[in-house]
Amino acid sequence: MKHNRRILTYILFILFGVTMWILGLKGIVDEFWSGMGTPLLVIGILRLSRMYRFQKDETYREQVEIATTDERNQFIRSRAWAWAGYLFILIAGSSVLILKLMGQDLLSQAASYAVCLMLVLYWGSYLILRKK
265 MKHNRRILTY
275 ILFILFGVTM
285 WILGLKGIVD
295 EFWSGMGTPL
305 LVIGILRLSR
315 MYRFQKDETY
325 REQVEIATTD
335 ERNQFIRSRA
345 WAWAGYLFIL
355 IAGSSVLILK
365 LMGQDLLSQA
375 ASYAVCLMLV
385 LYWGSYLILR
395 KK
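The sequence shown begins at 265 in my numbering and counts up by one.
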């Protein structure tokens, strides 16, 4: 059931991507939306081909299952997310100051809101995970 749902999602990616791409070629939507269509199309095709290989190739399925359930890989993924969060806070926090010095008040404010949102998400996640 889970695989069928994923397949349906990837098919929807492809259909949405093709639709946006065609609408962009005809000039109905601007380049932003047609630009979003191409990656969705490519992602849908790649994910469908990967899903097909996963269902048909037993050795590939075992490799993927080991990679996703291995505790070391899970720890590495968790640490990578932590690093990404730390780096995001540092970069966004620095950009608040740099953009403010450059006179880009609106962008500075948006970056500061992004930092605040990340910190609120962090503390909310921390409180939820601490109770588990």
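All C-beta atoms in this analysis are idealised placements derived from N, C-alpha and C, irrespective of residue type, glycine included.
Please specify which runs of the alpha helix (DSSP H), each continuous and at least 4 residues long, are wholly inside the segment 304 to 362, giving them in chain order. 322 to 333
Exposed or buried, which one is residue 313 when buried takes at least 16 other CB atoms within 10 Å? exposed
Taking the Cβ atom as the reference point for each residue, do residue 375 and residue 356 lie within a distance shorter than 8 Å? yes
Is the Cβ-Cβ distance between residue 298 and residue 289 less than 8 Å? yes
Run through the segment 282 to 307 for me and flag every whole beta strand (DSSP E) of 3 or more residues, listed as ranges in chain order. none
Rounding to the nearest angstrom, what Cα-Cα distance links residue 392 and residue 386 in this structure? 10 Å
Using 8 Å as the Cβ pair cut-off and three pairs as the minimum, do the segment 307 to 325 and the segment 274 to 286 touch? yes
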